[in-house]
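J.: Shown below is the structure under consideration.
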Amino acid sequence: MSSTTANAANGTVSKGWAWLLFSSLFEITFALSTNATDGFTKLGPSLLTAAAASCGIYTLSQALKTIDVGVGYTVWSGIGGVGTVVFGTIIYGEPMTVWKVLAFILIIGGALGLRISDNVAAKKAAAAPAAETAPAGLPVS
């Protein structure tokens with residue numbers, strides 16, 4: 010049983026998505042601050058990078074309690090990638106091209122598609138009757 014199915018009935022799936030969005034902010038911070046470390050020779054950005062990485066992994070693990078790992082990780086890395094390119098353009102003056110924008114649209118579309126599919130699975134699981142279980146080795150009556 011997937012984590013989405015297991016948690017659909019008690020409404021924790023949306024909480025997982027909130028954790029995932031929060032975690033994505035740490036992923037973006039991690040990537041941007043890594044660029045500022047100058048090969049980890051600058052203390053402040055290096056400490057920020059380590060803190061953002063640690064917080065990002067922790068909050069991702071909280072999200073994955075209720076979101077399937079394939080969906081959660083894909084969306085997390087997609088949001089992190091898009092956010093890093095957008096803020097890299099703003100903060101570091103990196104070039105923004107038409108191809109980058111088209112790629113963003115595809116990534117965001119894919120992330121939304123995964124979110125919708127996860128929501129559909131959760132609703133189906135919540136609507137399904139609970140399966141009867143019995144202790145190991147005993148038949149279900």
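Each residue of the sequence shown is one higher than the one before, counting from 10 in the numbering used here. All C-beta atoms in this analysis are idealised placements derived from N, C-alpha and C, irrespective of residue type, glycine included.
(1) Any idea what DSSP makes of Leu-121, helix, strand or coil?
(2) Can you name the start and end residues of the alpha helix (DSSP H) that Leu-56 belongs to?
(3) Report the rounded CA-to-CA distance for Val-80 versus Trp-28, giving the unit in angstroms.
(4) Give the single residue among Glu-36, Leu-69 and Gly-53 whose Cα lies nearest to the Cα of Trp-26.
(5) Please return the same chain residues whose Cβ sits closer than 8 Å to the Cβ of Tyr-82, not counting the five positions on each side in sequence.
(6) Rounded to the nearest angstrom, how far is the Cβ of Val-84 from that of Leu-111, given a contact under 8 Å?
(7) Here's the rule: buried if 16 or more other CB atoms are within 10 angstroms of the residue's CB, otherwise exposed. What is Ser-32?
(8) In the structure shown, what three-state DSSP assignment does Gly-48 receive?
(9) Of the choices Glu-103, Ile-114, Phe-113 and Ala-134, whose alpha-carbon is the least far from that of Leu-41?
T.: In this structure, then:
(1) Position 112 of the sequence shown, counted from the first residue, corresponds to residue 121. Three-state DSSP puts Leu-121 in a helix.
(2) Residue numbering aside, residue 56 sits at position 47 when the sequence shown is read from its first letter. Where Leu-56 is concerned, the enclosing alpha helix (DSSP H) stretches over 52-72.
(3) On the sequence shown, position 71 is the one that residue 80 refers to. On the sequence shown, position 19 is the one that residue 28 refers to. Each residue's CA atom was taken as its position, placing Val-80 and Trp-28 some 14 Å apart.
(4) In the sequence shown, the residue the question calls residue 26 occupies position 17. Put simply, of Glu-36, Leu-69 and Gly-53 the residue whose alpha carbon is nearest the alpha carbon of Trp-26 is Leu-69.
(5) For the purposes of this step, residue 82 is taken as residue 73 along the sequence shown, with counting starting at 1. Within the same chain, Tyr-82 has close Cβ partners Leu-69 and Leu-73.
(6) Indexing the sequence shown from 1 puts residue 84 at position 75. Indexing the sequence shown from 1 puts residue 111 at position 102. The pair is not a contact, with the Cβ atoms about 19 Å apart (cut-off 8 Å).
(7) Mapped onto the sequence shown, residue 32 falls at position 23. That one is buried.
(8) Against the sequence shown, residue 48 aligns to sequence position 39. In the three-state DSSP reduction, Gly-48 falls in the coil class, being neither helix nor strand.
(9) Counting from 1 along the sequence shown, the entry for residue 41 is found at position 32. Of Glu-103, Ile-114, Phe-113 and Ala-134, the residue nearest in Cα terms is Glu-103.
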